[in-house]
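Student: Here the protein sequences come in this chain order: B and V. Plus 36 on top of the position in the first sequence (first one is 1) and you've got this note's numbering. Plus 460 on top of the position in the second sequence (first one is 1) and you've got this note's numbering. Glycine is no exception: its CB is placed at the ideal position from the N, C-alpha and C atoms.
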Amino acid sequence: MTSSSPLVKAEVDPERRIVLDRNPWNNARYTKKYEGPSAAAKGRTYALHLVEILLSMLWGVL
Amino acid sequence: MSAFSIGLGAAFRHRRLAAVLWLSLLASALVAWYPIKVLFAPFDEGAFREALVKGWDGWGMLTFLATRWPEIGVTVAAVSGALVVFSLLQIFLTGGVLRVLISGDPRPVFARVVAESAVLFKANLWATVRFAASSLLWLALLVAAPCAALYRIAKHAPPHGGAATLLFWWALLGGLLVLFNTGLRFDLARIALARGDARNARGAYRVAKQRLSGRRVSGIRVILFWLVVFLGVQALFTSAGLRMNPRTNGAVAGLFLFRQIGFFLLAMARVGFFASLLAWEERRRPAYSVMGSASGGTTWNVSESISTRAPASAFPETGSSVMTNGSALLSS
Numbered sequence: 037m038t039s040s041s042p043l044v045k046a047e048v049d050p051e052r053r054i055v056l057d058r059n060p061w062n063n064a065r066y067t068k069k070y071e072g073p074s075a076a077a078k079g080r081t082y083a084l085h086l087v088e089i090l091l092s093m094l095w096g097v098l
Numbered sequence: 461m462s463a464f465s466i467g468l469g470a471a472f473r474h475r476r477l478a479a480v481l482w483l484s485l486l487a488s489a490l491v492a493w494y495p496i497k498v499l500f501a502p503f504d505e506g507a508f509r510e511a512l513v514k515g516w517d518g519w520g521m522l523t524f525l526a527t528r529w530p531e532i533g534v535t536v537a538a539v540s541g542a543l544v545v546f547s548l549l550q551i552f553l554t555g556g557v558l559r560v561l562i563s564g565d566p567r568p569v570f571a572r573v574v575a576e577s578a579v580l581f582k583a584n585l586w587a588t589v590r591f592a593a594s595s596l597l598w599l600a601l602l603v604a605a606p607c608a609a610l611y612r613i614a615k616h617a618p619p620h621g622g623a624a625t626l627l628f629w630w631a632l633l634g635g636l637l638v639l640f641n642t643g644l645r646f647d648l649a650r651i652a653l654a655r656g657d658a659r660n661a662r663g664a665y666r667v668a669k670q671r672l673s674g675r676r677v678s679g680i681r682v683i684l685f686w687l688v689v690f691l692g693v694q695a696l697f698t699s700a701g702l703r704m705n706p707r708t709n710g711a712v713a714g715l716f717l718f719r720q721i722g723f724f725l726l727a728m729a730r731v732g733f734f735a736s737l738l739a740w741e742e743r744r745r746p747a748y749s750v751m752g753s754a755s756g757g758t759t760w761n762v763s764e765s766i767s768t769r770a771p772a773s774a775f776p777e778t779g780s781s782v783m784t785n786g787s788a789l790l791s792s
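Rendered as structure tokens:
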């Protein structure tokens with residue numbers, strides 16, 4: 037496949053038809069030129085909030 | 461003025477105190493930040509990036525959990541560490557928070573909280589150990605033992621019947637009732653330490669028992685009121701945070717700020733709770749004039765001065781809070 041646009045992402049099985057894939061997380065790779073929103077930042081933010089919720093529940097005890 | 465309105469007023473007036481508590485929460489959570497950062501790094505490299513930015517991908521999250529066990533284990537260990545750090549910080553800070561509330565001065569706060577907390581830390585730590593031990597003992601006697609007996613006679617297949625229903629509700633409500641009782645006495649013991657009514661945890665627990673005598677229900681009402689406020693704020697901001705579902709990096713930063721406002725309000729609720737409990741306790745203190753009098757209702761030893769019994773204030777010029785009998789809180 038050829039294109040005039042720069043490559044930013046390559047993915048195998050994009051429609052996820054291979055259900056026995058042991059690790060679908062390694063099916064795609066992004067180049068550093070990709071500037072889309074970060075899923076990692078979103079995941080980290082929610083995880084940090086979850087930790088803060090857990091900790092703040094201790095205010096009910098201590 | 462009721463103890464509740466005094467608490468609400470103090471929650472808004474002592475915002476700096478709430479800021480200290482909020483900072484302790486954020487700093488403790490950041491203990492787990494690096495493992496969280498490493499754990500979620502694959503979100504930007506894998507096949508589920510766009511799906512997770514848009515919202516939720518059940519298959520992606522399931523396979524993520526299945527393939528990232530080592531990183532998840534490290535993160536769980538870091539979160540456990542954060543829990544320990546936060547617990548110690550709260551045991552440390554509560555004494556200082558109470559002394560600042562008793563003094564009624566909204567500022568300076570940070571240095572004073574740290575200094576007063578350091579003075580009271582050892583006694584507060586022993587009070588916490590006593591709280592944990594008494595909670596476990598009463599939970600075992602009043603909840604676990606009856607539940608074990610009910611478990612033997614309950615039917616464990618539908619229809620479950622009365623014994624199984626009683627088992628469930630007794631485990632839940634009985635457990636809460638026991639924790640409210642032991643928690644109330646623990647908080648009153650810490651107030652006794654902060655006011656200087658006792659020198660150590662044992663003495664503080666004795667003073668707390670005197671304050672609680674015959675007034676447990678109204679004390680538990682104070683706890684329940686602030687628990688409802690606390691859970692309401694927590695539920696509101698958690699639900700709103702999940703609904704926000706940010707899809708840009710700027711929106712993620714906005715979500716972080718929004719959620720911190722929620723945690724700051726929780727810290728304000730904690731300040732309000734302690735202010736309410738101080739006001740509640742203030743009204744149940746024996747007046748100085750009747751201490752050791754023939755009223756027979758008190759066992760206060762007036763031959764020993766308060767200053768010698770109390771852990772010294774780190775701010776002696778403002779440590780008169782001990783001598784004001786907490787009136788600063790009520791008058792402000």
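#1: Please look up how many angstroms separate the CB atoms of B/Ala76 and V/Phe503, rounded, as I've assumed it's under 8 Å.
#2: For V/Leu715, which residues in the same chain have their Cβ closer than 8 Å to its Cβ, ignoring the five residues on either side in sequence?
#3: Determine which residues of the stretch 491-503 of chain V have a Cβ less than 8 Å from any Cβ of chain B, and write them out in chain order.
#4: Please classify V/Leu525 as buried or exposed, where buried requires at least 16 neighbouring CB atoms within 10 angstroms.
#5: Can you check whether the CB of V/Arg559 is closer than 8 Å to the CB of V/Glu796?
#6: Below 7 Å between beta carbons is the criterion; list the residues of the stretch 539-573 of chain V that meet it against any residue of chain B, in chain order.
#7: Would you say V/Gly643 lies against chain B (beta-carbon separation less than 8 Å)?
#8: Here's a check: name, in chain order, each residue in its chain whose Cβ is nearer than 7 Å to the Cβ of V/Thr535, leaving out the five neighbours to either side.
#9: Tell me where the alpha helix (DSSP H) around B/Glu71 begins and ends.
#10: Apart from the five residues on each side of it in sequence, which residues of its chain come closer than 7 Å, Cβ to Cβ, to V/Phe723?
#11: Among the residues of its own chain, which have a CB less than 7 Å from the CB of V/Asn584, if the five just before and after it don't count?
#12: Below 9 Å on C-beta distance, what does V/Ser793 contact in chain B?
#13: Within the 8 Å Cβ cut-off, does B/Val97 reach chain V?
#14: If you draw a straight line from the alpha carbon of V/Ser540 to that of B/Leu91, how long is it in whole angstroms?
#15: Are the beta-carbon atoms belonging to V/Trp630 and V/Leu610 less than 8 Å from one another?
#16: Ends of the alpha helix (DSSP H) at V/Lys514?
#17: Compare the beta carbon distance of V/Leu601 and V/Arg645 with 8 Å and say whether it is the shorter of the two.
#18: I want to know whether the stretch 511-528 of chain V touches the stretch 53-62 of chain B - three or more CB-CB distances under 8 Å.
#19: Taking Cβ-Cβ distances shorter than 7 Å, what residues in chain B pair up with V/Pro706?
#20: Rounded to the nearest angstrom, what separates V/Leu687 and V/Arg744 at their Cα positions?
#21: Show which residues of chain V have a CB atom less than 9 Å away from the CB atom of B/Glu47.
#22: Work out the CA separation of B/Ser74 and V/Leu596 for me, nearest whole Å.
#23: Please list, in chain order, the residues of the stretch 512-529 of chain V that have any C-beta partner in chain B closer than 8 Å.
#24: Could you check whether V/Phe546 and V/Ser488 sit closer than 8 Å to each other, using their CB atoms as the reference points?
#25: Tell me the DSSP bridge mates of B/Ala64?
#26: Quick one: give me the first and last residue of the alpha helix (DSSP H) that V/Ser462 is part of.
#27: Let's see if you can read the secondary structure: which residues bound the alpha helix (DSSP H) around V/Arg671?
#28: Hey, quick one: how far does the alpha helix (DSSP H) through V/Pro566 stretch, first residue to last?
#29: What residues from chain B crowd round V/Val603, counting only those whose CB sits closer than 9 Å?
#30: Within 8 Å (strictly less), CB to CB, does B/Leu84 reach chain V?
#31: Just reading off the alpha helix (DSSP H) that V/Ala605 is part of, what are its end residues?
#32: Closest Cβ-Cβ distance between B/Pro60 and chain V: below 8 Å?
Tutor: In short, the structure shows the following:
#1: The sequence position of residue 76 of chain B within the first sequence is 40, counting from 1. The sequence position of residue 503 of chain V within the second sequence is 43, counting from 1. Their Cβ separation, rounded to whole angstroms, is 4 Å, which keeps B/Ala76 and V/Phe503 in contact under 8 Å.
#2: As a first step, residue 715 of chain V must be located in the second sequence, where it is residue number 255. Within its own chain, the residues whose Cβ lies closer than 8 Å to the Cβ of V/Leu715, once the five positions on either side in sequence are excluded, are Gly701, Met704, Pro706, listed in chain order.
#3: Those would be Ala492, Trp493, Ile496, Lys497, Leu499, Phe500, Ala501, Pro502, Phe503, in chain order.
#4: Counting from one through the second sequence, the residue named residue 525 of chain V turns up at place 65. V/Leu525 is exposed by the Cβ-count criterion.
#5: Beyond the ends of chain V as shown, which are 461 and 792, falls residue 796 of chain V; an answer cannot be given.
#6: Val539, Ala542, Leu543, Phe546, Ser547, Gln550, Ile551
#7: Reading the second sequence from its first residue, position 183 is the one you call residue 643 of chain V. Closer than 8 Å to some Cβ of chain B, the Cβ of V/Gly643 qualifies, so yes.
#8: If you number the second sequence from 1, residue 535 of chain V lands on position 75. Excluding residues within five positions, the ones whose Cβ falls inside 7 Å are Ala492, Pro495, Ile496, Leu499.
#9: In the first sequence, counting from the first residue as 1, residue 71 of chain B sits at position 35. No residue range can be given for B/Glu71, since it is assigned to no alpha helix (DSSP H) and is classified by DSSP as neither H nor E.
#10: As a position in the second sequence, residue 723 of chain V is number 263, starting the count at 1. The answer, listed in chain order, is Trp482, Leu485.
#11: Here residue 584 of chain V refers to the residue found at position 124 of the second sequence. So the qualifying residues of the chain are Ile551, Thr554, Gly555, Arg650, Leu653.
#12: Missing from the structure shown is residue 793 of chain V; chain V here goes from 461 to 792 and no further.
#13: As a first step, residue 97 of chain B must be located in the first sequence, where it is residue number 61. So yes, B/Val97 belongs to the interface.
#14: To locate residue 540 of chain V, count along the second sequence from 1; it is residue 80. To locate residue 91 of chain B, count along the first sequence from 1; it is residue 55. Approximately 10 Å between the Cα atoms of the pair.
#15: Looking up residue 630 of chain V in the second sequence gives position 170. Looking up residue 610 of chain V in the second sequence gives position 150. For V/Trp630 and V/Leu610, yes; Cβs fall inside 8 Å.
#16: Walking along the second sequence from the start, residue 514 of chain V turns up at place 54. Element bounds for V/Lys514: 509-514.
#17: Counting from one through the second sequence, the residue named residue 601 of chain V turns up at place 141. Counting from one through the second sequence, the residue named residue 645 of chain V turns up at place 185. For V/Leu601 and V/Arg645, no; Cβs fall outside 8 Å.
#18: yes
#19: The residue given as residue 706 of chain V occupies position 246 in the second sequence. Simply Lys78.
#20: Taking the first residue of the second sequence as position 1, residue 687 of chain V is located at position 227. Taking the first residue of the second sequence as position 1, residue 744 of chain V is located at position 284. If you draw a straight line from the Cα of V/Leu687 to the Cα of V/Arg744, it is about 22 Å long.
#21: Along the first sequence, one-based indexing puts residue 47 of chain B at 11. Within 9 Å Cβ-Cβ: Ala507.
#22: For the purposes of this step, residue 596 of chain V is taken as the residue at position 136 of the second sequence. For the purposes of this step, residue 74 of chain B is taken as the residue at position 38 of the first sequence. Roughly 45 Å separates the two Cα atoms.
#23: Leu512, Val513, Trp519, Gly520, Thr523, Phe524, Thr527
#24: Against the second sequence, residue 488 of chain V aligns to sequence position 28. Against the second sequence, residue 546 of chain V aligns to sequence position 86. Going by C-beta atoms, V/Ser488 is nearer than 8 Å to V/Phe546.
#25: Taking the first sequence and counting its residues from 1, the one referred to as residue 64 of chain B is at position 28. BP columns for B/Ala64 point to B/Glu47.
#26: As a first step, residue 462 of chain V must be located in the second sequence, where it is residue number 2. V/Ser462 -> no alpha helix (DSSP H), and no H or E assigned at all.
#27: Within the second sequence, the letter at position 211 stands for residue 671 of chain V. First-last of the alpha helix (DSSP H) with V/Arg671: 661-672.
#28: Counted from its first residue, the second sequence places residue 566 of chain V at position 106. No alpha helix (DSSP H) holds V/Pro566; DSSP gives it neither H nor E.
#29: Reading the second sequence from its first residue, position 143 is the one you call residue 603 of chain V. By Cβ distance, chain B contributes nothing, its closest Cβ being about 16 Å from V/Val603, past 9 Å.
#30: Stepping through the first sequence from its first residue, residue 84 of chain B is reached at position 48. Yes, B/Leu84 lies at the interface with chain V (some Cβ there is under 8 Å from its Cβ).
#31: Mapped onto the second sequence, residue 605 of chain V falls at position 145. It spans 605-613 - the alpha helix (DSSP H) in which V/Ala605 sits, taken as one unbroken run.
#32: Looking up residue 60 of chain B in the first sequence gives position 24. With 8 Å as the cut-off, B/Pro60 counts as an interface residue toward chain V.
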